[in-house]
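Below is one structure; the comments refer to it alone.
In the UniProt record's numbering, the protein residues as written are 1 to 185.
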C-alpha cells in the first residue's frame, strides 16, 4: 500500500517547480518524491509509473486525497488496468493518509534545515533529503527503508573511501556471473 500526496507551494526552484509529489510505501517506509512545475493528472500518472509500478511491484492499494490529479478518468483507468484499489482520504480526516502526511513534514523540515537562505534550491536538495530518510532507521520497524526495500543496507559513500569489509569482499566478476545466471534462467 502506498500513500501519495503533494507538498507545496514551495519557493519557485530554478526548474520552475513549486510543488513536489511524494509517495510512501506503508510497509517498507520507502519514500519517492519528485519536484513538479505543474500539478496535472499526466504528471501524477508518469510519477506513479516510473517511481512505483516500474520500480517496485504493483501495489494493492493507493491512498490519496481528492485532488483532481488523483480523481481524474485517466488516473482511475491506470488503477483499474493494474488492479490497484484507490482510496481517498477525506478532507476532514487527512490522517487517513497519515504516513504520507508525516513524511511530508519530515521532508519539509529537512529541506528548511538544509536550505537556510537558498530556499529556491529545494528541488536540488530533495535527493539528499530522500537519501538521508531512506538510510536512517525508522523507529516503527527498527530498520532503514533501504534495507526493508532491498534486503541489505546501502553502501554509503564513506564505506568506499575507507574500504569497509563489504566493499573489500565485493567481487565484480562473481556479481556479473550471478546476474547472468538469473537473467538466463
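Note that beta-carbon positions come from the ideal geometry of N, C-alpha and C, so glycine has one too.
Who are the Cβ neighbours of residue i in its own chain at under 6 Å, not counting the five residues just before and after it?
i: residue 47; result: 21, 34
i: residue 145; result: 28, 29, 30, 134
i: residue 85; result: 61
i: residue 110; result: 129
i: residue 71; result: none
For residue i, which three-state DSSP category applies?
i: residue 19; result: strand
i: residue 30; result: coil
i: residue 63; result: strand
i: residue 84; result: coil
i: residue 24; result: strand
i: residue 176; result: helix
i: residue 35; result: strand
i: residue 148; result: helix
i: residue 68; result: helix
My guess is that residue i and residue j are in contact by the Cβ rule of under 8 Å, so how many angstroms apart are they, rounded?
i: residue 2; j: residue 52; result: 6 Å
Going by beta carbon distance, what residues of the same chain come within less than 7 Å of residue i, once the five residues before and after it are set aside?
i: residue 137; result: 143, 144
i: residue 156; result: 135
For residue i, which residues from the same chain have a beta carbon less than 8 Å from its beta carbon, with the 5 sequence-adjacent residues on both sides left out?
i: residue 105; result: none
Nearest CA to the CA of residue i: which residue from the options?
i: residue 54; options: 180, 32, 17; result: 32
i: residue 4; options: 59, 83, 18, 11; result: 59
i: residue 37; options: 119, 8, 108, 26; result: 8
i: residue 13; options: 118, 149, 77; result: 118
Looking at the secondary structure, which residues open and close the beta strand (DSSP E) in which residue i lies?
i: residue 4; result: 2-7
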